[in-house]
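S.K.:
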Amino acid sequence: MNDRFLRACRRQPVDATPVWFMRQAGRYMPEYRALRQQYSLLELCRTPDLAAQVTLQPVEAIEVDAAILFSDLLLPLEPMGLTFDFVKGEGPAFDDPIRSAADVERLRPIDPETSLGHVLQTIRQLKPQLDVPLIGFVGAPFTLASYAIEGGPSKDFARTKAMMYAEPEAWHTLCGRLADMAGTYLRAQIAAGVDAVQVFDSWVGQLGPADYREFALPHTRRVFDAIADLDVPSIHFGVGTAMLLEDMATAGSDVVGADWRTPLDRAWQLIGTDKGIQGNLDPTLLLGPWSRVRAAVEDIVSRAGGRPGHIFNLGHGVLPMTSPEVIQRVARLVHSLTSTAR
Ligand code: CP3
219 MNDRFLRACR
229 RQPVDATPVW
239 FMRQAGRYMP
249 EYRALRQQYS
259 LLELCRTPDL
269 AAQVTLQPVE
279 AIEVDAAILF
289 SDLLLPLEPM
299 GLTFDFVKGE
309 GPAFDDPIRS
319 AADVERLRPI
329 DPETSLGHVL
339 QTIRQLKPQL
349 DVPLIGFVGA
359 PFTLASYAIE
369 GGPSKDFART
379 KAMMYAEPEA
389 WHTLCGRLAD
399 MAGTYLRAQI
409 AAGVDAVQVF
419 DSWVGQLGPA
429 DYREFALPHT
439 RRVFDAIADL
449 DVPSIHFGVG
459 TAMLLEDMAT
469 AGSDVVGADW
479 RTPLDRAWQL
489 IGTDKGIQGN
499 LDPTLLLGPW
509 SRVRAAVEDI
519 VSRAGGRPGH
529 IFNLGHGVLP
539 MTSPEVIQRV
549 ARLVHSLTST
559 AR
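All residue numbers for the sequence shown refer to my numbering, where the first residue is 219 and numbers rise by one.
Right under this line is the structure:
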């Protein structure tokens, strides 16, 4: 078992910096696009044989040090009572978004074994086939609430913030229920066999620090508290969080993810060197010339300074236009720049 990813999560010395890529399974891979000709995204997510196959695609094609479960952030919202579909070219679309306190009241707690058994089955099927750790994941309450309220992607998150400010009680009830779901779901993924977990708070960079502390942080902290008694490393990730990193570091994870807007050494100072850091190459840089990619990777590695606890990743997910060859070259370069083997 290649355990350098888990060792880095625990800030132990490693033989080379571990690398994985958010959205490492997906449309930039020809193998994935071929399967999508036959199946919808939700069919891939809900069929353990297919979800396991897609999870393995990048592990087989690219020298990554961790696998991430192929699923989607929004899946556990359905058993809570929020039905949706993925609309081609637009993203998720919910049938009945949350617009009032009464809508919040209709949300139900989930039992992962009955309503998300296919995800747990995917984990059980994958484990014996992997020689790298498997990462499970869940959405943080703020990011999940934003989809539940907006009903789909949003630019300004106006409805989300309107509920936050105008109906704080309904907001906190909603996020409390999402936090309970997230804790329950992560515990079930861990019981099924995932080796580490990541909490995605992708859109929390919409909030300033005071609002973050009031409306998001207490709920995210509850998610990490729910798994604190289990010896499973956790990563806390968001985008546009330069002003939030210090507060995010208090939510309870072992590792905090940073995007490319903050130089890695500066981000690590803000997070605190008693935690690990994950990141932080700009995913759009991978569309540029190799000389520029190489220089940016070297810069990140040198800012990590050989300190234990760095997990190399992008600052957000791989874009569909990216060439798989570039992804592979980045993984090799990180390993060769940081290898302690002589
Ligand atoms: O490889 C991996 O990282 C694992 C799989 C994974 C998916 N979604 C599959 C997927 C993970 C970890 C996610 C998380 C997710 N889903 C997030 C948080 C991560 C992030 O990017 O910040 C969010 C916000 C979602 C919700 C979601 N799923 C949206 C908004 C969309 C549509 C936009 C898009 O990129 O197409 C999806 C679709 C989705 N989820 C795809 C994949 C591979 C694209 C799938 C396709 O059409 O084939």
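Backbone N, C-alpha and C define an ideal beta-carbon position, used for all residues, glycine too.
Values in this document were obtained by computation on a predicted structure and should not be read as measured data.
Quick one, are the C-beta atoms of V272 and A226 less than 9 Å apart?
M.R.: no
S.K.: What is the DSSP secondary structure of H553, reduced to helix, strand or coil?
M.R.: H553: helix per DSSP, three-state reduction.
S.K.: Using the Cα positions of W486 and S471, report the straight-line distance between them to the nearest angstrom.
M.R.: Straight-line Cα distance between these residues: approximately 14 Å.
S.K.: How long is the line joining the alpha carbons of W389 and T332, rounded to whole angstroms?
M.R.: 27 Å
S.K.: Could you work out which residue in S541, S554, T558 is closest to A279 when comparing CA atoms only?
M.R.: S541
S.K.: Got a sec, what are the start and stop residues for the alpha helix (DSSP H) G354 sits in?
M.R.: Careful: G354 lies outside any alpha helix (DSSP H), inside the beta strand (DSSP E) at 352 to 357.
S.K.: Where do the ends of the alpha helix (DSSP H) carrying V515 lie?
M.R.: 508 to 522
S.K.: Have a look at the DSSP bridge pairing and note the partners of H454.
M.R.: V417, V474
S.K.: What residues in its chain sit with their C-beta under 6 Å from that of E249, if we drop five residues either side in the sequence?
M.R.: Q275
S.K.: Quick check for students: name the residue ranges of the alpha helix (DSSP H) that lie wholly in the segment 237 to 315, counting only runs of 4 or more.
M.R.: 248 to 256, 259 to 264, 266 to 279, 295 to 298
S.K.: State the CB to CB distance for the pair A514 and L499, rounded to an integer number of angstroms; the pair is presumed to be in contact (CB under 8 Å).
M.R.: 6 Å
S.K.: Less than 7 Å between C-beta atoms, sequence neighbours within five positions excluded: which residues of the same chain meet that for G535?
M.R.: M240, R241, P501
S.K.: Any heavy atom of the ligand CP3 closer than 8 Å to the beta-carbon of Y403?
M.R.: no
S.K.: Is the beta carbon of G394 less than 9 Å from the beta carbon of R440?
M.R.: yes
S.K.: Classify I545 as helix, strand or coil using the three-state DSSP reduction.
M.R.: helix
S.K.: Buried or exposed: M399, going by 16 or more other Cβ atoms within 10 Å of its Cβ?
M.R.: buried
S.K.: Given a cut-off of 9 Å on the beta-carbon distance, is the pair A319 and E261 in contact?
M.R.: no
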